[in-house]
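2 protein chains.
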Amino acid sequence: MARWAAGTPERLQKAALELFATRGFEQTTAAEIAEAVGLTERTFFRHFSEKREVLFHGQQALVEACRAGVAQAQPDASPMEVVAAALRAVGAFFTEERRPFSRARQAVIDQNPQLQERERHKLANLAAEIAAGLRDRGVGEVTAALAAECGMAVFAVAFGQWLRDDARSFAEITADVLAELHRLTAAPLPQG
Amino acid sequence: MARWAAGTPERLQKAALELFATRGFEQTTAAEIAEAVGLTERTFFRHFSEKREVLFHGQQALVEACRAGVAQAQPDASPMEVVAAALRAVGAFFTEERRPFSRARQAVIDQNPQLQERERHKLANLAAEIAAGLRDRGVGEVTAALAAECGMAVFAVAFGQWLRDDARSFAEITADVLAELHRLTAAPLPQG
DNA sequence: TAGGTGATGACAGCGGCTGACATCATCGCT
DNA sequence: AGCGATGATGTCAGCCGCTGTCATCACCTA
Chain Z
1 MARWAAGTPE RLQKAALELF ATRGFEQTTA AEIAEAVGLT ERTFFRHFSE
51 KREVLFHGQQ ALVEACRAGV AQAQPDASPM EVVAAALRAV GAFFTEERRP
101 FSRARQAVID QNPQLQERER HKLANLAAEI AAGLRDRGVG EVTAALAAEC
151 GMAVFAVAFG QWLRDDARSF AEITADVLAE LHRLTAAPLP QG
Chain H
193 MARWAAGTPE RLQKAALELF ATRGFEQTTA AEIAEAVGLT ERTFFRHFSE
243 KREVLFHGQQ ALVEACRAGV AQAQPDASPM EVVAAALRAV GAFFTEERRP
293 FSRARQAVID QNPQLQERER HKLANLAAEI AAGLRDRGVG EVTAALAAEC
343 GMAVFAVAFG QWLRDDARSF AEITADVLAE LHRLTAAPLP QG
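Residue numbers (the numbering used here), protein chains in the order written: chain Z, 1 to 192; chain H, 193 to 384.
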């Protein structure tokens with residue numbers, strides 16, 4: 001057990017989410033979030049490098065799930081198979097219990113461009129992670145980047161669907177969106 | 193002709209690019225940029241909503257080229273054909289004369305996460321623009337979003353190549369990357 | 001020449017974020 | 001029990017990004 005009250009980042013995140021939801025992101029100061037859990041502004045910034053980061057705490061697990069998914073793909077898998085493996089692994093992160101929190105969090109993010117920007121940034125990092133994994137497997141630079149970016153595209157679309165559709169799991173939705181991607185690009189381009 | 197010295201945003205951008213390149217983005221204050229062209233910090237922020245925006249001045253033309261590309265696509269074009277049309281239109285923006293500037297600008301952006309974040313944000317806006325155009329054509333929500341995001345993926349990869357490869361035009365590279373996308377997704381997934 | 005318009009300057013102020021130093025609770029060791 | 005090490009927190013000062021407000025000044029129009 002910790003010396004100090006454990007879960008400080010989590011408590012800050014919870015308080016921040018509530019304050020952002022009621023007052024809005026910009027109308028909430030870091031000092032107010034800290035005060036809500038009995039801490040000071042300075043301490044807030046010791047736990048989070050930026051005010052926005054308080055909403056992204058815990059996402060490291062997602063990155064690692066993604067990395068693991070890439071690592072576990074068959075050695076002879078094609079780039080898109082590796083990407084699919086990464087997406088399946090990511091499905092383990094977005095469990096059913098997580099959905100309410102994700103929804104509340106997304107509602108806040110949808111209200112603020114700065115937060116959307118941050119979320120995109122995290123997504124891009126995820127893509128870079130996958131691309132690096134692909135390059136390690138000997139996939140060419142351009143192919144790796146493209147496949148990873150497409151994986152990001154699928155993820156972004158699937159995640160949005162997952163938040164809306166209570167009836168389907170993240171894995172199901174992702175599989176559908178991946179299939180849709182293959183359908184979309186099935187016909188060759190006339191001017192290709 | 194204007195009442196005041198014309199091209200103030202352009203002059204600020206030029207000064208900013210030079211200062212960012214030598215000192216770095218964070219080590220350069222908005223006041224310094226303004227002072228470099230004989231203006232005050234306050235005036236800088238009248239031209240640019242944020243310090244970062246000084247590097248994105250002029251990109252509205254890109255958005256409009258993109259929009260025009262979508263509009264000019266054949267009425268019966270498939271989603272990916274529309275995306276390809278948008279990418280071709282965007283090629284008109286990245287002319288040969290623009291390459292040196294783009295390269296210098298990118299070198300600065302590559303050095304700073306905040307700027308990378310901003311660039312991704314702009315790219316996402318572009319994708320949203322294309323997606324909206326697709327929806328206007330009756331393409332379903334999910335398909336539109338996915339196709340647009342894939343277009344963004346192709347653009348991101350192609351742009352990187354364009355900066356590196358002096359010998360090829362943006363249009364050529366984009367066509368290649370689009371072809372690569374179709375190659376990547378040609379084989380159906382085993383678990384699809 | 002007078003008045004309108006719009007870019008700029010000057011100033012005050014908030015909030016995000018950081019560095020530096022002090023404090024204090026807990027842990028491990030004796 | 002006592003003691004030093006460790007690490008989270010508090011306190012304070014300060015820079016910078018960014019904004020509101022009002023004054024100023026250049027230029028245009030009549």
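Cβ atoms here follow ideal geometry from the backbone N, Cα and C, with glycine treated the same way. Keep in mind that this is a model prediction, so the values were computed, not measured.
Judging by CA-CA distance, which residue of the options is the nearest neighbour of residue i?
i	options	result
Ala156 of chain Z	H:Arg356, H:Val334 and H:Gln353	H:Val334
Gly261 of chain H	H:Arg295, H:Glu341, H:Asp368 and H:Ala278	H:Ala278
Ala186 of chain Z	H:Trp354, H:Glu273 and H:Thr287	H:Glu273
Ala31 of chain Z	Z:Phe45, Z:Ala21, Z:Arg23 and Z:Ala127	Z:Phe45
Gly325 of chain H	H:Arg291, H:Asn304 and H:Gln266	H:Gln266
Gly7 of chain Z	Z:Val37, Z:Asp76 and Z:Thr29	Z:Val37
Arg168 of chain Z	Z:Gly151, Z:Leu123, Z:His57 and Z:Glu96	Z:Glu96
Gln219 of chain H	H:Val275, H:Glu364, H:Ser270 and H:Val300	H:Val300
Gly58 of chain Z	Z:Glu41, Z:Arg98 and Z:Pro79	Z:Arg98
For residue i and residue j, I'd like the C-alpha separation in whole angstroms.
i	j	result
Lys14 of chain Z	Val331 of chain H	39 Å
Val90 of chain Z	Leu376 of chain H	21 Å
His182 of chain Z	Ala371 of chain H	14 Å
Ala253 of chain H	Arg259 of chain H	10 Å
Asn317 of chain H	Leu204 of chain H	24 Å
Thr366 of chain H	Arg280 of chain H	8 Å
Ala226 of chain H	Leu39 of chain Z	39 Å
Asp136 of chain Z	Arg23 of chain Z	46 Å
Val177 of chain Z	Val154 of chain Z	6 Å
Gln308 of chain H	Cys150 of chain Z	19 Å
Glu172 of chain Z	Ala21 of chain Z	30 Å
Arg164 of chain Z	Arg118 of chain Z	21 Å
Pro9 of chain Z	Arg312 of chain H	27 Å
Leu211 of chain H	Pro292 of chain H	17 Å
Pro79 of chain Z	Glu233 of chain H	49 Å
Asp110 of chain Z	Asp302 of chain H	27 Å
Gln306 of chain H	Gln114 of chain Z	11 Å
Among residues of its own chain, excluding the 5 on either side of residue i, which ones have a beta-carbon nearer than 8 Å to its beta-carbon?
i	result
Phe286 of chain H	Ser294, Phe351, Trp354 and Phe362
Gln72 of chain Z	Ala85 and Ala89
Leu315 of chain H	Met344, Phe347 and Ala348
Asp358 of chain H	Arg291
Asp76 of chain Z	none
Going along the chain, which residues of its own chain have a beta-carbon closer than 7 Å to the beta-carbon of residue i, five neighbours each way excluded?
i	result
Ala65 of chain Z	Ala89, Val90, Ala92 and Phe93
Glu129 of chain Z	Val63, Cys66 and Arg67
Ala131 of chain Z	Ala144, Ala145 and Ala148
Lys51 of chain Z	Ala30
Leu127 of chain Z	Checking the displayed sequence, the identity of residue 127 of chain Z turns out to be Ala instead of Leu. The answer, listed in chain order, is Ala148, Glu149, Gly151 and Met152.
Arg297 of chain H	Leu209 and Leu247
Thr43 of chain Z	Ala34
Residues in its own chain within less than 6 Å of residue i by CB, not counting five upstream and five downstream?
i	result
Phe240 of chain H	Val246
Ala16 of chain Z	Ile33 and Val54
Asn304 of chain H	Phe217
Val275 of chain H	Ala339 and Gly343
Pro380 of chain H	none
Taking the runs of the alpha helix (DSSP H) that are 4 residues or longer, which of them lie wholly in the region 50-105 of chain Z?
60-72 and 79-91
Please give the ranges of any alpha helix (DSSP H) in the region 17-54 of chain Z, keeping only runs that are unbroken, at least 4 residues long and fully inside the region.
30-36 and 41-47
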